[in-house]
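Here's the structure we're looking at; comments come further down.
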Amino acid sequence: MTSMQTMIDQSGNPLGFGGDLGGLAGADSICQVAATAVGAGDRTWRAFLSTYNDGAPVHAIDRVGAGPWYDRNDRLIALDRAGLLEYRPAGEVQAVNDLADEHGRPLSDYGDSHDILTGTYADGQLLGTGGHENCDDWTNATTAVGQGSATHGGLGLGHAWPARSGFGWIYAHEGHGCAPGINLVQNGAGEGNTVGQGGGWGAIYCFAL
834 MTSMQTMIDQ
844 SGNPLGFGGD
854 LGGLAGADSI
864 CQVAATAVGA
874 GDRTWRAFLS
884 TYNDGAPVHA
894 IDRVGAGPWY
904 DRNDRLIALD
914 RAGLLEYRPA
924 GEVQAVNDLA
934 DEHGRPLSDY
944 GDSHDILTGT
954 YADGQLLGTG
964 GHENCDDWTN
974 ATTAVGQGSA
984 THGGLGLGHA
994 WPARSGFGWI
1004 YAHEGHGCAP
1014 GINLVQNGAG
1024 EGNTVGQGGG
1034 WGAIYCFAL
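Right, here's the structure in full:
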């Protein structure tokens, strides 16, 4: 997944991108640039994100190939789609319980950094169609979207490592906003309406095809 530094560097914002990743194409480019910077740019990279796409949903699980997948440290994450769709991928325990960034560094090393943008339910498919669940198909970085209500869900987040607020790597809980933001301090749900308020910086998972 994408490190805090690459999200800051690529966005030109000390708070990162927020929910506006430039759509799926922009998110894929973020993954490609991050991989290239560490010598892995010879493959095609895709972001693990879902979009509503004007009624023709794109599901994250359909974007990342058939497997197997390995992390930057060459540790097995999952052999196939069935293994990938478990709450924690069916790979090497140390790897899947603390997923690493493009440098091979486990995310827990950075602090309370578990929240990862997915907009996706545990089955790998689009979480919701209201725009709040995926920051208007990853084009909106404002506080106006991303908050759940009685009529729609909030921003779909997975966990790079299990925490009290959720276990699943694809879907752990819902966030409160799509604005840029970084929070590495354990303070519950955090404050404000940013992608990072609950712990993280708005990172995304990246898979090589």
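Residue numbers (the numbering used here): 834 to 1042.
Beta carbons are placed, not taken as given, at the ideal position from N, Cα and C, and that holds for glycine.
Since this is a predicted model, take the numbers as computed values, not measurements.
Is residue i helix, strand or coil when you go by DSSP?
i	result
HIS965	helix
GLY999	strand
GLY888	helix
THR951	coil
ALA1017	For the record, residue 1017 in the displayed sequence is Leu; it is not Ala. DSSP places LEU1017 in coil when its eight states are reduced to three.
THR839	helix
ALA1036	strand
LEU940	helix
ALA880	strand
Measure the alpha-carbon distance for residue i versus residue j and round it to whole angstroms.
i	j	result
GLY852	ASN967	8 Å
ASP942	ALA933	10 Å
VAL926	THR972	34 Å
State yes or no: is the C-beta of residue i within less than 9 Å of the C-beta of residue j?
i	j	result
ARG876	ASP861	no
ILE863	ILE1037	yes
ALA996	GLY1032	yes
VAL929	TRP1002	yes
So is residue i buried or exposed if we call it buried at 16+ other beta carbons inside 10 Å?
i	result
GLN865	buried
PRO901	exposed
ASN906	exposed
Worksheet entry | Completely contained alpha helix (DSSP H) runs for the segment 850-878, where each covers 4 or more residues | 856-870
Practice prompt. Kindly provide the ranges of any alpha helix (DSSP H) runs that are 4 or more residues long and lie completely inside the segment 893-917, ordered along the chain.
Written response: Listed in chain order, they are 914-917.
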